[in-house]
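Quick notes on the structure that follows.
This is how it looks when you write it as structure tokens:
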């Protein structure tokens, strides 16, 4: 697969891999885990073809630390895994935040907790959007809902990671990773990005560069944390992405992301045919969260329904945004359970009945 | 009177006061590393990795590009750096807790993959920074914060000879154990470090590792001179000094 503007058929995992290559990913490191193995298999043949780095690491701990090393030298580095493996990477992700290194991490979520299963799930929402590892930090989180959007996230993830010197996560799930859809892949122009003058490239005449996350001395670490938080506020102001679908005259707003949003879209269309005034707000960035969009909607609309493949994790963000202005209801499946369109439609009908 | 300089600060060492304890081996090891980097003319293309442990602040002394990494993960970080930058000279500086306990998987697999890296492994038989707890390299009978009755094989295990383990791997090109317990030993340690860097500069396939038996008088609860004697009389019996491979 080379640069093309033709419509092609790919599974989500491969689409993300090829999009990463088009986005200038210099190095990929990964450890096998289902349901994302197509990514490393794809990278194993494509990265060497491009003269770039591919390593199958001995663990997810090693993979994220290889990312750490590659990124510290100014390279664009990627790793991918699924839920249990992402848990192992949390140490490295905290260090990436502390050292302000850019990185892109793909999590093709599966059912948990523990070894769980290999079915699609959204149970890692808290882990992804709340930092995940130790310390006060954030990562940029994308929740794409189609193969095309998974591919489109990649160049943006690399750009935002470089621009803000932080980790960007693509939070997908087992269905999105495995399903095949037509898409177009084209190289995107990079944003104007700041020079990586902090990178470890050998001193070469300049002053020594040090990449670190240890800040001893009275108040030094607090100052550094304030700098991090200021950066996160800037991301919250500038980088929120979300889609509003048929919300104009809606009395019911469903909030869903990823594959659940995909299912919801079909349910919304059917409900509209039945005359139910319903729409959807679909966060594309899960952090920064589209709180303002939801808050605005809460001023006008009456009922919110949050749908997730978890026990209700994003639900907390919806409630925080709605801030008591409207009722927020929830329907969720767990442990790899995937709601059907009929199931979602049933919940919507129940809601309209209870309203009457 | 004619004045002649017989000893001066090597240019790769920064001019700053030390934070290490009196009699600590890190100062000597840093000096050797700095001299080697200077003599090989690689200050401008070396990238160093500081461990978690007493040497976490190694970048305060060594004037090369450096990174501080999570405990034990240096060989993985080094792998990411070197594979993306084959023209750079990448080295890690790791203690026995870092390399032989929490980072065992990373060092074994970096060697297993035959990564072109230089590793300086400081073995002082304790966890220094956290208060002198038992390390995998603590010798039998040695009293530490977590082996108050002396390390017993039954329950606390035998001292781990990581260098011997690594020397078994085809991907490890050069493994040598040195010590800082006397001037001739220090000279030999410098020669070993230099060789380990030269191999990487020549593009030799595989990992080069120099283990250095280094004194920790503070947590061995000895005078600096007794600590040097203890290396010769006890530690080197468990960890024989010499070239293991290459």
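Residue numbers (this note's numbering), protein chains in the order written: chain E, 29 to 384; chain S, 178 to 423. Built from N, CA and C at the ideal position, the CB exists for glycine as well.
Taking residue i as the query, report the chain S residues whose CB atoms sit under 9 angstroms from its CB, ordered along the chain.
i, result
"residue 229 of chain E", "222, 224, 242, 262, 265"
"residue 233 of chain E", "221"
"residue 351 of chain E", "None at all; the shortest Cβ gap to chain S is about 39 angstroms."
"residue 83 of chain E", "256, 257, 260, 290"
"residue 20 of chain E", "Absent from the model: residue 20 of chain E. The displayed extent of chain E is 29 to 384, so no value can be given."
Residue i to residue j, Cα distance in whole Å?
i, j, result
"residue 37 of chain E", "residue 67 of chain E", "15 angstroms"
"residue 491 of chain S", "residue 316 of chain S", "Lying before the first or after the last residue shown, residue 491 of chain S is absent from chain S, which here runs from 178 to 423."
"residue 251 of chain S", "residue 94 of chain E", "9 angstroms"
"residue 278 of chain E", "residue 328 of chain E", "9 angstroms"
"residue 363 of chain S", "residue 104 of chain E", "41 angstroms"
"residue 194 of chain E", "residue 130 of chain E", "4 angstroms"
"residue 34 of chain E", "residue 210 of chain E", "10 angstroms"
"residue 2 of chain E", "residue 227 of chain S", "Nothing in the structure corresponds to residue 2 of chain E, since chain E is present only between 29 and 384."
"residue 84 of chain E", "residue 392 of chain S", "38 angstroms"
"residue 234 of chain E", "residue 218 of chain S", "15 angstroms"
"residue 142 of chain E", "residue 241 of chain E", "30 angstroms"
"residue 220 of chain E", "residue 187 of chain E", "9 angstroms"
"residue 450 of chain S", "residue 274 of chain S", "This structure leaves residue 450 of chain S out entirely; chain S is present only between 178 and 423."
"residue 344 of chain E", "residue 114 of chain E", "22 angstroms"
"residue 337 of chain S", "residue 89 of chain E", "23 angstroms"
"residue 287 of chain S", "residue 422 of chain S", "16 angstroms"
"residue 266 of chain E", "residue 192 of chain E", "11 angstroms"
"residue 241 of chain S", "residue 284 of chain E", "49 angstroms"
"residue 109 of chain E", "residue 318 of chain S", "44 angstroms"
"residue 277 of chain S", "residue 314 of chain E", "40 angstroms"
"residue 401 of chain S", "residue 279 of chain S", "28 angstroms"
"residue 182 of chain S", "residue 188 of chain S", "15 angstroms"
"residue 40 of chain E", "residue 58 of chain E", "17 angstroms"
"residue 370 of chain S", "residue 209 of chain S", "8 angstroms"
"residue 359 of chain E", "residue 330 of chain S", "56 angstroms"
"residue 62 of chain E", "residue 208 of chain E", "17 angstroms"
"residue 185 of chain E", "residue 100 of chain E", "17 angstroms"
"residue 253 of chain S", "residue 212 of chain E", "35 angstroms"
"residue 414 of chain S", "residue 339 of chain S", "15 angstroms"
"residue 111 of chain E", "residue 310 of chain E", "22 angstroms"
"residue 236 of chain E", "residue 306 of chain E", "59 angstroms"
"residue 194 of chain S", "residue 125 of chain E", "30 angstroms"
"residue 409 of chain S", "residue 246 of chain S", "32 angstroms"
What does residue i reach in chain E if we use C-beta pairs closer than 9 angstroms?
i, result
"residue 297 of chain S", "The premise fails here: residue 297 of chain S is roughly 17 angstroms from chain E at the closest Cβ pair, so nothing lies under 9 angstroms."
Just to make sure I have the definition right: I need the residues of chain E whose C-beta is within less than 8 angstroms of the C-beta of residue i. Which are they?
i, result
"residue 236 of chain S", "236, 238, 240"
"residue 233 of chain S", "242"
"residue 411 of chain S", "Ordered by position in chain E, no residue passes the 8 angstroms Cβ test against residue 411 of chain S, which lies about 33 angstroms from the chain."
Along chain S, in chain order, which residues have C-beta atoms closer than 8 angstroms to that of residue i?
i, result
"residue 89 of chain E", "250, 253, 282, 283"
Starting from the beta carbon of residue i, find every residue of chain S whose beta carbon is closer than 7 angstroms, and list them in chain order.
i, result
"residue 100 of chain E", "244, 258"
"residue 96 of chain E", "246, 254, 257"
"residue 86 of chain E", "282, 286"
Report whether the distance from the Cβ of residue i to the nearest heavy atom of the ligand FAD is below 7 angstroms.
i, result
"residue 345 of chain E", "With respect to the ligand FAD, the structure offers nothing, as it holds no ligand at all."
Interface residues of chain E around residue i at Cβ under 7 angstroms?
i, result
"residue 247 of chain S", "93, 119, 120, 123"
Worksheet item: What are the start and end residues of each continuous alpha helix (DSSP H) run of 4 or more residues lying completely inside the stretch 326-357 of chain E, in chain order?
Response: 342-350
Practice prompt. Spell out a yes or no on whether the stretch 189-205 of chain S and the stretch 220-236 of chain S are touching, meaning 3 or more CB-CB pairs, one atom from each, closer than 8 angstroms.
Written response: yes
Item to complete: Answer yes if the stretch 351-366 of chain S comes into contact with the stretch 261-269 of chain S, meaning at least three C-beta pairs across the two stretches below 8 angstroms, and no otherwise.
Response: no
Worksheet item: Which runs of the beta strand (DSSP E) spanning at least 3 residues fall entirely within the stretch 151-219 of chain E, listed in chain order?
Response: 168-170, 195-201, 208-212
Discussion item. Going residue by residue through the stretch 303-382 of chain S, where are the continuous alpha helix (DSSP H) segments of at least 4 residues, counting only ones entirely within it?
Written reply: 330-333, 339-344, 360-378
Worksheet entry | Contiguous beta strand (DSSP E) assignments of at least 3 residues, all confined to the stretch 71-148 of chain E | 81-84, 105-109, 131-137
Worksheet item: Pairing CB atoms from the stretch 145-154 of chain E with CB atoms from the stretch 356-369 of chain E, are three or more of them under 8 angstroms?
Response: yes
Practice prompt. Scan the stretch 129-150 of chain E for residues whose Cβ lies nearer than 8 angstroms to a Cβ of chain S and list them as they occur along the chain.
Written response: none
Discussion item. Does the stretch 228-235 of chain E come into contact with the stretch 166-185 of chain E, if we say contact requires no fewer than three beta-carbon pairs (one atom in each stretch) closer than 8 angstroms?
Written reply: no
Practice prompt. Check distances from the C-beta atoms of the stretch 183-208 of chain S to those of chain E and list, in chain order, the residues that come in under 9 angstroms.
Written response: 191
Worksheet item: Looking at chain S, which residues of the stretch 110-125 of chain E have a Cβ within less than 7 angstroms of any of its Cβ atoms?
Response: 119, 120, 123
Worksheet item: If you pair each beta-carbon of the stretch 263-277 of chain E with each one of the stretch 340-348 of chain E, do three or more pairs fall below 8 angstroms?
Response: no
Worksheet entry | Residues of the stretch 342-358 of chain S whose Cβ lies closer than 9 angstroms to any Cβ of chain E, in chain order | none
Item to complete: For the stretch 289-304 of chain E and the stretch 348-358 of chain E, state whether three or more C-beta atom pairs, one from each stretch, are separated by less than 8 angstroms.
Response: no
Practice prompt. Give the residues from the stretch 316-334 of chain S that approach chain E closer than 8 angstroms (Cβ to any Cβ), ordered along the chain.
Written response: none
Discussion item. I want to know whether the stretch 234-249 of chain S touches the stretch 200-214 of chain E - three or more CB-CB distances under 8 angstroms.
Written reply: no
Discussion item. For the stretch 54-66 of chain E, list every residue whose C-beta sits within 8 angstroms of some C-beta in chain S, in sequence order.
Written reply: 54, 55, 57
Practice prompt. Taking only beta carbons into account, state which residues of the stretch 282-308 of chain E come closer than 8 angstroms to chain S, listed in chain order.
Written response: none
Item to complete: Pick out the complete alpha helix (DSSP H) segments inside the stretch 195-245 of chain S, 4 residues or longer, and give them in chain order.
Response: 203-217
Worksheet item: Is the stretch 374-385 of chain S touching the stretch 300-314 of chain S in the sense that three or more CB pairs, one from each, lie closer than 8 angstroms?
Response: no
Worksheet item: Unbroken beta strand (DSSP E) runs of length 3 or more, entirely within the stretch 238-294 of chain S: which are they?
Response: 242-245, 266-272
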